[in-house]
Amino acid sequence: MNIGTTVLISVTAAIVIGIGALISFYVGKRAKSNDSWVVGGRNLPLYVIAFTQYATAVGGGVLVAHVGIAYAWGLSVFWYEIFVIVGLLIIAIFAGWLRRRTFSTIPEVFTKLYGEHRLMLSMVALAVIVVPFGWLATQFIAFANLFNAVTGIGITPLIIIMAVVSIAFVLPGGLTSVAWSDFFFGVFMVIASVVVGVYAIVNAGGPSTIVKNLPAELTTMPTGLTAAGGLTILLWLFSILPGTLTNQLYYQRIFAASNVKQARQGLYLSSILIGISGIYALIVGVSVRSMTDQFGVDGREQAAGWFLAQLPVWLIAIYGAFLMATIVSTTGSALHSVVVNLVNDLRPAFVKNKDTSSDLVAMSRWCTVAVSAIAAVLAIVFPTALNWLVATYAYSASMLAVPFLLGMVLTNKWILDVSIGYVSMAAGLVVCAVAHIAGTTIPYAVFGIIASFVAYLIMLAVKKPQARALSEEGALS
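Anchor point for the sequence shown: position 206 equals 225 in my numbering, and the numbering is continuous, going up by one each time.
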């Protein structure tokens with residue numbers, strides 16, 4: 020790629036990221052309290068809640084890797100969006116119960132469900148942290164690999180740049196900064212996806228030509244939805260749905276809403292936007308398949324790169340900024356979530372100092388720099404070893420999904436013994452690990468979640484919960 024194209028892409032991406040950074044800095048100046056840092060002051064407007072949920076859910080994987088999925092399996096690409104949306108709609112059921120309490124993190128919810136226990140708080144916090152930290156490190160690598168191919172800049176400098184950019188979006192005001200910059204990035208992502216999608220259709224010769232050039236099984240119902248194969252779809256189900264239901268990033272946006280109504284409306288609107296991202300991936304994927312069938316199913320990783328090489332320079336610049344925005348929105352949200360758990364959950368479990376709000380914000384800022392630096396070093400030194408972090412999604416869901424969701428359902432009427440939560444989490448973790456090591460054909464998360472559920476039911480029978488007094492709060496509505 021010539022130097023002029025490289026400069027144009029870099030400048031366009033810098034302008035988009037720069038606008039987001041200015042927004043982050045401006046709103047961050049007014050976010051002085053720890054409440055603003057952790058949950059956006061609990062008064063973010065509806066449009067910000069909707070777009071930050073959308074930008075959090077739709078990262079680089081959806082907008083790049085999913086193009087390859089659509090290229091290979093057509094309509095099957097929608098399963099990701101379906102499972103995420105189902106997860107968000109389930110979360111919406113609990114939104115009233117969650118928003119009316121002053122929760123800030125998932126570990127705090129566990130404390131409400133099972134009581135204050137340092138060991139449980141630590142276990143839950145670690146299970147929650149490992150997923151966004153994995154996102155953070157692997158997104159650094161994904162960004163570096165992508166823009167190395169486009170600009171020719173080295174991998175290590177690009178990882179360092181991404182780490183610094185991520186810090187810049189969290190440091191001014193925590194979730195307040197992240198959410199408002201996500202709003203800008205989300206709007207830009209929707210506009211850019213429409214532009215890129217329309218170009219793909221036109222360049223492929225129009226909808227009728229695309230359909231004519233594709234195998235019928237990719238575009239017809241129901242074969243299109245099953246083209247990926249039952250086992251692959253099952254894998255997506257047991258990684259995406261439980262992962263969505265236990266992903267702290269989504270819950271923090273509920274805690275940040277002005278009221279219950281807006282929390283639910285934000286989830287509904289973001290679900291619509293996530294559906295649009297699936298349409299984008301489908302359009303680009305099948306357009307590429309219509310123009311070239313040289314890669315086949317096994318070469319779906321090359322589909323997005325091939326498409327990028329066909330774009331005119333002006334659209335490559337927009338597309339580069341588009342990808343940069345999606346990755347930055349993901350890394351900023353992930354970095355913030357990790358820091359919140361470290362400062363507000365893990366540290367108080369072992370350090371009993373009575374910190375002021377300003378002390379906590381200062382500590383969070385230092386922690387933001389440290390976590391980003393650690394993730395960047397790991398991404399530089401152990402880029403391939405970080406693949407194991409993807410597996411943590413399954414382990415985290417195996418530990419948390421059952422005691423978290425059933426706990427919120429049962430706490431309406433019952434006081435739950437802490438041993439129920441402990442045994443359920445332990446069973447999910449151990450069985451998931453055994454299935455993983457055994458190399459089961461069925462996704463190992465399935466075994467972990469089933470084991471956690473069975474253990475929960477057994478412990479409910481052994482440790483019969485006490486009836487909650489009618490005066491005690493607990494209703495989910």
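C-beta: ideal position from N, C-alpha, C; glycine also.
For clarity, every value in this text was computed on a predicted model and none was experimentally measured.
The ligand ZN heavy atom lying under 7 Å from the CB of residue i
i: tyrosine 218; result: Absent from the structure shown: the ligand ZN. Ligands present: none.
DSSP three-state assignment for residue i, whether helix, strand or coil
i: isoleucine 477; result: helix
i: leucine 365; result: helix
i: isoleucine 434; result: strand
i: alanine 50; result: coil
i: leucine 63; result: strand
i: alanine 223; result: coil
i: alanine 246; result: coil
i: alanine 275; result: coil
i: serine 490; result: Confidence at serine 490 is low in this model, with a pLDDT of 46, below 50, so its placement is unreliable and the value that follows should be read with caution. DSSP places serine 490 in coil when its eight states are reduced to three.
i: lysine 231; result: helix
i: glycine 23; result: helix
i: serine 43; result: helix
i: isoleucine 461; result: coil
i: phenylalanine 122; result: coil
i: valine 214; result: helix
i: proline 241; result: coil
i: valine 30; result: helix
i: valine 453; result: helix
i: valine 500; result: No statement about residue 500 is possible, as the shown extent of the chain runs from 20 to 496 and does not include it.
i: valine 77; result: coil
i: valine 370; result: coil
Residue environment, residue i, which counts as buried when at least 16 other CB atoms sit within 10 Å
i: valine 67; result: buried
i: arginine 120; result: exposed
i: arginine 272; result: buried
i: valine 481; result: exposed
i: aspartate 364; result: buried
i: aspartate 201; result: buried
i: aspartate 54; result: buried
i: serine 490; result: Summary for serine 490: the model assigns pLDDT 46, below 50, so the residue's position carries little reliability; its value from the coordinates is reported in the next sentence. Under this definition serine 490 is an exposed residue.
i: glutamate 127; result: buried
i: asparagine 360; result: buried
i: arginine 137; result: exposed
i: valine 400; result: exposed
i: threonine 195; result: buried
i: asparagine 266; result: buried
i: tryptophan 385; result: exposed
i: glycine 93; result: buried
i: tryptophan 333; result: exposed
i: glutamine 72; result: buried
i: methionine 418; result: buried
i: alanine 163; result: buried
i: isoleucine 456; result: exposed
i: methionine 478; result: buried
i: methionine 240; result: exposed
i: phenylalanine 204; result: buried
i: alanine 446; result: buried
i: isoleucine 461; result: exposed
i: alanine 69; result: buried
i: glutamine 485; result: exposed
i: isoleucine 22; result: exposed
i: valine 26; result: exposed
i: phenylalanine 129; result: buried
Element boundaries [alpha helix (DSSP H), containing residue i]
i: serine 391; result: 376-400
i: arginine 118; result: 97-118
i: serine 352; result: 332-360
i: glutamine 329; result: 322-329
i: isoleucine 88; result: 85-92
i: leucine 237; result: 235-238
Beta-bridge pairing of residue i - partner residues as DSSP gives them
i: alanine 300; result: Answer is none; alanine 300 lacks a bridge partner.
i: glutamine 7; result: Absent from the model: residue 7. The displayed extent of the chain is 20 to 496, so no value can be given.
i: glutamine 485; result: Ile434
With a floor of 4 residues, list each alpha helix (DSSP H) that falls wholly inside the segment 126-210, ordered by position along the chain.
Those alpha helix (DSSP H) runs which fall completely within the segment 126-210 and span 4+ residues are 137-170, 174-189.
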